[in-house]
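Taken in order, these protein sequences are the chains called X and G. Sequential numbering of the first sequence, starting at 1, is according to my numbering. Sequential numbering of the second sequence, starting at 1, is according to my numbering. Heads up: the structure comes next, in structure tokens.
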Amino acid sequence: MTNQHRVHLLHFGTIALLALLFFVLPAYHVGNLARIMVLATYAIGYNFLFGYTGLLSLGHALFFTAGMYGLGLAMTQFGLPSAPALIIGLIAACLVSAVIGFLALRTSGVAFMIVTLMFAQAGYLTILYFGTYTRGDEGFVIQQAKRVMFGIDLSSEVSRYFAALILFSICFLTVARIVQSPFGKTLIAIRENEERARMLGYDTGAHKLKAIIISGTISGFAGAAYALLFGYAGATFATVQYSIFPLLWVLLGGAGTTVGPLIGVIFMFYLIDLSSSITSAYMLIAGVALVLLAMFAPQGLAGTLRKRWFKWMP
Amino acid sequence: MEFGPHLMLASLEGAVTAAILALTAMGLSIVFGVMRVVNIAHGEFFMLGAVIAWWVASLLGGHPAIGFVLALVLAPLIVGTLAAVADRFILQRINYDPDRTIVATIGLLYIIQQTTLMTFGPEARPVQPPFNTRLALPWFEYGENGFAMIWPWGLSITSYKLFVIVAAITIITGLWLFLTRSKAGLLMRATQQDSETAQAFGVPVQRVYSWVFGLGAGLAAIGAVLVVPIQQAHYLMGQDPLLLSFIVVIIGGLGSLPGTIIAAILIGMSDGIISVFFSPTLAKIIATLVVAMVLVFRPQGLLGKSEG
Numbered sequence: 001m002t003n004q005h006r007v008h009l010l011h012f013g014t015i016a017l018l019a020l021l022f023f024v025l026p027a028y029h030v031g032n033l034a035r036i037m038v039l040a041t042y043a044i045g046y047n048f049l050f051g052y053t054g055l056l057s058l059g060h061a062l063f064f065t066a067g068m069y070g071l072g073l074a075m076t077q078f079g080l081p082s083a084p085a086l087i088i089g090l091i092a093a094c095l096v097s098a099v100i101g102f103l104a105l106r107t108s109g110v111a112f113m114i115v116t117l118m119f120a121q122a123g124y125l126t127i128l129y130f131g132t133y134t135r136g137d138e139g140f141v142i143q144q145a146k147r148v149m150f151g152i153d154l155s156s157e158v159s160r161y162f163a164a165l166i167l168f169s170i171c172f173l174t175v176a177r178i179v180q181s182p183f184g185k186t187l188i189a190i191r192e193n194e195e196r197a198r199m200l201g202y203d204t205g206a207h208k209l210k211a212i213i214i215s216g217t218i219s220g221f222a223g224a225a226y227a228l229l230f231g232y233a234g235a236t237f238a239t240v241q242y243s244i245f246p247l248l249w250v251l252l253g254g255a256g257t258t259v260g261p262l263i264g265v266i267f268m269f270y271l272i273d274l275s276s277s278i279t280s281a282y283m284l285i286a287g288v289a290l291v292l293l294a295m296f297a298p299q300g301l302a303g304t305l306r307k308r309w310f311k312w313m314p
Numbered sequence: 001m002e003f004g005p006h007l008m009l010a011s012l013e014g015a016v017t018a019a020i021l022a023l024t025a026m027g028l029s030i031v032f033g034v035m036r037v038v039n040i041a042h043g044e045f046f047m048l049g050a051v052i053a054w055w056v057a058s059l060l061g062g063h064p065a066i067g068f069v070l071a072l073v074l075a076p077l078i079v080g081t082l083a084a085v086a087d088r089f090i091l092q093r094i095n096y097d098p099d100r101t102i103v104a105t106i107g108l109l110y111i112i113q114q115t116t117l118m119t120f121g122p123e124a125r126p127v128q129p130p131f132n133t134r135l136a137l138p139w140f141e142y143g144e145n146g147f148a149m150i151w152p153w154g155l156s157i158t159s160y161k162l163f164v165i166v167a168a169i170t171i172i173t174g175l176w177l178f179l180t181r182s183k184a185g186l187l188m189r190a191t192q193q194d195s196e197t198a199q200a201f202g203v204p205v206q207r208v209y210s211w212v213f214g215l216g217a218g219l220a221a222i223g224a225v226l227v228v229p230i231q232q233a234h235y236l237m238g239q240d241p242l243l244l245s246f247i248v249v250i251i252g253g254l255g256s257l258p259g260t261i262i263a264a265i266l267i268g269m270s271d272g273i274i275s276v277f278f279s280p281t282l283a284k285i286i287a288t289l290v291v292a293m294v295l296v297f298r299p300q301g302l303l304g305k306s307e308g
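Take a look at the structure:
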């Protein structure tokens, strides 16, 4: 079996496994898994920029909410049906990430982190400022009757799960494909040594801008899907915490691996789920896990697996 | 109130914010300057300082001044030791690798914050200021009889707030003397310039790092002890100082201590003044965007050296 086959087996196997789990798992975990797949899509978008291009952004919540509010406001304020609203959400995320990318890429390193953080903070405050439309922290609900796409009611358990799976699969396979392409390889080269990539004649600035736009659009896709599938949009999703989450998921799962984001989200989700049944200070356990992870598994779970056993893993 | 007195009041409030911010951001700046470490848990060290101040004050009882003075000594010591231990057992183990340090300090943030939630509880708790006389302030105005001194109603500041400003200036001057005139300061500056060469010359770099990390956390704790009689101690109070300190450190130019102080004054004052005159949310949006734009067009900060 060549490595190419192994990679295909891993990717399609993951998707098949997720589809199978719907029929095996009890209802509670099926509900969790639908949410996990949407959040994993967000993490995939983040991983594309952080794991493959090497840009650490602390402002991805802005892209997530651009998609979320693009769709949400189009549906509630302008009464659009869900399909065009989803496209508006995607366009919003694409535009926002293009503008932010254009500005933030003038900086690098810690300054890039802080600039993206500040833009995201400005976005969060803007959502609060236009509270008459966005309902601020409280958020708004998208009516169940409106959450229908191509005649399928997305609020039911079955269709929600498979809609989430389709969303996840599209983004998962797209990113897996891109990082194998010459464009993706160039991004990895930029991550490893930007000076050298530039010296070899690649326009690193343009590549990084494209990476931000792709990453932001995928994140926005996840945000729009979250609003559509779970029927809620709120300013909490724009807070710093939701910019830090994808970083944690990706680091946990393994930055720069295709399956890492999914593994990271599953791990973190259930870690918080289990510990919140023990104590109200459940983030304590997440904190301990993070410190241990930083000390003993710096490449994340998938990264460690790749380093030890599966060298072929993409 | 007229515009003039109003502006003066706003700038005094801003000066208090700036004083606290300067102390907290100095801590972050020293840690970044010497160790090149981005400490996300810095805000939690600030919060711990405030919680310890409340704890000391409520244990002692008696006159608030006794508890306050004791807290001013104890809080930075405890928090500094804690930070040094964290540095020794976590950050040194991971070799200050940038990405791993960020993960570890985010973990540390949650550990400190949630432990406080479990022990101290979710309530905000006040601490009595050691003294709190209200001082009316004069305003000069050109009237019919030439210049006249008037006492506009509402133009006043408490003696404690003035004390905070003076205390911050004193501590920062002391810190500057420590860094430029003492042997320990020399070791820190040597480590900052080139840690490998410093080590070759017999500087115990590892120990310097622990001390610097402790010192940085201690400065945040002092800032918190000073602010807690004005604000209240709460387990989530570390978030805003963290964000603001980061902004200040970056705007001032990474690792530049004078830059940090200038930026703290700029940001603290404008924060105070803007929030008096404009809607707080709109003011924050504008301020955040302005800071972001400064960074976009001057990434090295105000006093930082250009990399290129």
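For glycine and all other residues, C-beta sits at the position ideal for the given N, C-alpha and C. Quick caveat, the model's predicted, so the values are computed rather than measured.
Q.
Could you check whether Met283 of chain X and Ile114 of chain G sit closer than 8 Å to each other, using their CB atoms as the reference points?
A. The residue you asked about is not Ile; residue 114 of chain G is Gln in the sequence shown. Yes, Cβ-Cβ distance for Gln114 of chain G and Met283 of chain X is below 8 Å.
Q. Quick one: what's got a C-beta closer than 6 Å to Asp271 of chain G's C-beta in the same chain, skipping five residues either side?
A. Thr17
Q: Express the C-alpha separation of Ile222 of chain G and Pro126 of chain G in angstroms, rounding to a whole number.
A: 17 Å
(Q) Among the candidates X:Ala286, X:Ser275, X:Ala145 and X:Thr186, whose CA atom is the shortest distance from the CA of Pro81 of chain X? (A) X:Ala145
Q: Report yes or no: is there a C-beta of chain X within less than 8 Å of the C-beta of Met8 of chain G?
A: no
Q. Is the Cβ-Cβ distance between Pro182 of chain X and Ala43 of chain X less than 8 Å?
A. no
(Q) Just to confirm, is the Cβ distance from Ala238 of chain X to Ile114 of chain X under 8 Å? (A) no
Q.
Is the separation between the beta-carbon of Leu91 of chain G and that of Val37 of chain G shorter than 8 Å?
A. yes
Q) So, is the C-beta of Tyr129 of chain X closer than 8 Å to a C-beta in chain G? A) yes
Q: Would you kindly report the start and end of the unbroken beta strand (DSSP E) that includes Tyr254 of chain G?
A: Position check: residue 254 of chain G holds Leu in this sequence, whereas Tyr was assumed. Looking at the DSSP string, Leu254 of chain G is not in any beta strand (DSSP E), and its letter there is neither H nor E.
Q | For Ala61 of chain X and Leu162 of chain G, the rounded distance between their alpha carbons | A | 40 Å
Q) If you draw a straight line from the C-alpha of Phe162 of chain X to the C-alpha of Gly67 of chain X, how long is it? A) 20 Å
Q. Between Ser256 of chain G and Gly216 of chain X, what straight-line distance do the alpha-carbon atoms span, to the nearest angstrom?
A. 33 Å
Q: Out of X:Ile278, X:Trp312 and X:Ala255, state which residue places its alpha-carbon closest to the alpha-carbon of Leu293 of chain X.
A: X:Ala255
(Q) Is Ile40 of chain G a contact residue of the ligand GTP, with contact defined as CB to any heavy atom under 7 Å? (A) The ligand GTP is not among the ligands present in this structure, which contains no ligands whatsoever.
Q) Given that a residue counts as buried once 16 or more other Cβ atoms are within 10 Å of its Cβ, and exposed if not, what is Leu187 of chain X? A) buried
Q: Measure the C-alpha to C-alpha separation of Arg184 of chain X and Ile178 of chain X and round it to an integer number of angstroms.
A: The sequence shown places Gly at residue 184 of chain X, not Arg. Looking at the two C-alpha atoms, the distance is approximately 5 Å.
**Q.** Own chain partners of Leu242 of chain G with C-beta closer than 6 Å, once the 5 adjacent residues on each side are dropped
**A.** His42 and Gly43
Q: May I ask which residues mark the beginning and end of the beta strand (DSSP E) holding Leu135 of chain G?
A: Arg134 to Ala136
Q | Interface residues of chain X facing Tyr160 of chain G [CB-CB closer than 9 Å] | A | Here the premise fails: no neighbours, minimum Cβ distance about 31 Å.
Q: Check whether the Cβ atoms of Ala71 of chain G and Val225 of chain G lie closer than 8 Å to each other.
A: yes
Q) Beta-carbon of Pro298 of chain X versus every beta-carbon of chain G: anything under 8 Å? A) yes
Q. Cβ atoms of Gly303 of chain X and Arg191 of chain X: under 8 Å apart, would you say?
A. no
Q. Is the beta carbon of Met47 of chain G sitting closer than 8 Å to the one on Ala281 of chain X?
A. no
Q: May I have the straight-line CA-CA distance separating Gly214 of chain G from Phe45 of chain G, to the nearest angstrom?
A: 10 Å
Q: Helix, strand or coil for Tyr232 of chain X, going by three-state DSSP, please let me know.
A: strand
Q) Nearest to Leu282 of chain G by CA position, among X:Ile36, X:Leu117, X:Met37 and X:Gly123, is which residue? A) X:Gly123
Q) On the three-state DSSP scale, how would you describe Asp273 of chain X? A) helix
Q: Could you tell me whether any Cβ in chain X is nearer than 8 Å to the Cβ of Gly216 of chain G?
A: no
Q) Mind checking Gln121 of chain X: buried by the 16 CB within 10 Å criterion, or exposed? A) buried
Q. How would you label Val291 of chain G, buried or exposed, when you count the other beta carbons within 10 angstroms and need 16 or more for buried?
A. buried
Q. Between Met199 of chain X and Leu251 of chain X, what straight-line distance do the alpha-carbon atoms span, to the nearest angstrom?
A. 30 Å
Q. In chain order, which continuous runs of the alpha helix (DSSP H) of length 4 or greater are located wholly inside the stretch 75-134 of chain G?
A. 98-119
**Q.** Range of the contiguous beta strand (DSSP E) that encloses Ser156 of chain G
**A.** Ser156 to Thr158
Q. Of the residues G:Met35, G:Ala50 and G:Gly33, which one's Cα is nearest the Cα of Met237 of chain G?
A. G:Ala50
Q | Short Cβ contact (8 Å threshold) for Ile266 of chain X with Ile36 of chain X | A | yes
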